[in-house]
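In our numbering, the protein residues as written are 33 to 307.
Rendered as structure tokens:
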């Protein structure tokens, strides 16, 4: 345990910013946000690692169109899958012989796996490590926050009350854990009509911004529903990397830039505090 703690400390010491993407509710598009933010940051020239800690329902490999198992170097460290020169990925699915295999694990095994995803992976020097977590406030988010205490948390919600009520619990959880909350993202924020370009508020709009203001958190951005996102997901290519312009692509690139700027400010603020 002590040796693993040292390995985790050594690994995290080479990573400048750790982004923890979480939500209180499933189905809000958190993995899509994680994948597109990671891909957009990598396209900007940052060195990015993407860690999918959703043990039971990993979707990052599907969204990126990657498959196969992880390789192991001679030092017995796992080597992340290379999506592009600047983006490398680790997911539970990459450890399974059959991607359709169910993972029947309880808390301690999940905790151990997540720690190993940090300690036993050759992440190298990174600007950003983006961690995609399953919804809720269970074993996985708790383990991430304990393993990566300086993680900057990005909370994803949709505008309607059924999502916001769960996100309020997530913010309460993060406050209880004394975590660093970078801000709130509102996904599925209206549907932009591809014909007239007017916004249709399918799930209402603005709930995420109101929530951020209520808790004194930064509102990082709103991502509209866009058919291009569905097409990109089925193609296994992030919408931010599609050649065609779309409303979701523009919003997600802006979100990545806002997150990078907010992370820099948070880092500078922490440095000033500890100086």
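Glycine included, every Cβ here is placed at the ideal spot set by N, Cα and C.
Contact defined as beta carbons within less than 8 Å: I believe residue i pairs with residue j. What is the distance between those atoms, to the nearest angstrom?
i: residue 268; j: residue 100; result: Actually they are not in contact, since the Cβ atoms of residue 268 and residue 100 sit about 13 Å apart, beyond 8 Å.
i: residue 102; j: residue 113; result: 7 Å
i: residue 201; j: residue 169; result: 7 Å
i: residue 295; j: residue 254; result: Contact flag wrong, Cβ pair sits at about 19 Å.
i: residue 252; j: residue 216; result: 6 Å
i: residue 265; j: residue 64; result: 7 Å
i: residue 92; j: residue 123; result: 5 Å
i: residue 53; j: residue 162; result: 6 Å
Can you say whether residue i is buried or exposed, counting buried as having 16 or more other CB atoms within 10 angstroms of its CB?
i: residue 220; result: buried
i: residue 204; result: exposed
i: residue 62; result: buried
i: residue 230; result: exposed
i: residue 226; result: exposed
i: residue 193; result: exposed
i: residue 42; result: exposed
i: residue 302; result: exposed
i: residue 224; result: buried
i: residue 72; result: buried
i: residue 132; result: exposed
i: residue 34; result: exposed
i: residue 140; result: exposed
Please work out which residues of its chain come closer than 7 Å, Cβ to Cβ, to residue i, disregarding the five sequence neighbours upstream and downstream, and give them in chain order.
i: residue 74; result: 80, 116, 118 and 119
i: residue 249; result: 213, 215 and 216
i: residue 196; result: 189, 239 and 243
i: residue 179; result: 40, 146, 147 and 150
i: residue 36; result: 147 and 151
i: residue 90; result: 84, 123, 124 and 125
Once you ignore the five residues that flank residue i on each side, which residues in its own chain have a CB closer than 6 Å to its CB?
i: residue 233; result: 222
i: residue 58; result: 167
i: residue 260; result: 271, 278 and 280
i: residue 56; result: 198, 199, 201 and 202
Going by beta carbon distance, what residues of the same chain come within less than 8 Å of residue i, once the five residues before and after it are set aside?
i: residue 172; result: 85, 86, 87, 142, 146, 165 and 166
i: residue 109; result: 152, 153 and 154
Return no unless some Cβ of chain B is closer than 8 Å to the Cβ of residue i.
i: residue 38; result: Judged by its chain identifiers, the structure shown contains no chain B, having just a single protein chain.
**Message:** Which complete alpha helix (DSSP H) runs does the stretch 75-147 hold, if anything under 4 residues is left out?
**Reply:** 92-96
**Message:** Below 8 Å, how does it come out for the stretch 210-223 and the stretch 168-185: are there three or more Cβ pairs, yes or no?
**Reply:** yes
**Prompt:** Which runs of the alpha helix (DSSP H) fall wholly inside the stretch 158-201 and span at least 4 residues, in chain order?
**Reply:** 171-179
**Asked** With a cut-off of 8 Å, do at least 3 Cβ pairs link the stretch 41-58 to the stretch 154-167?
**Response** yes
**Asked** Should the stretch 234-244 be regarded as contacting the stretch 277-294, the criterion being three or more beta carbon pairs within less than 8 Å?
**Response** no
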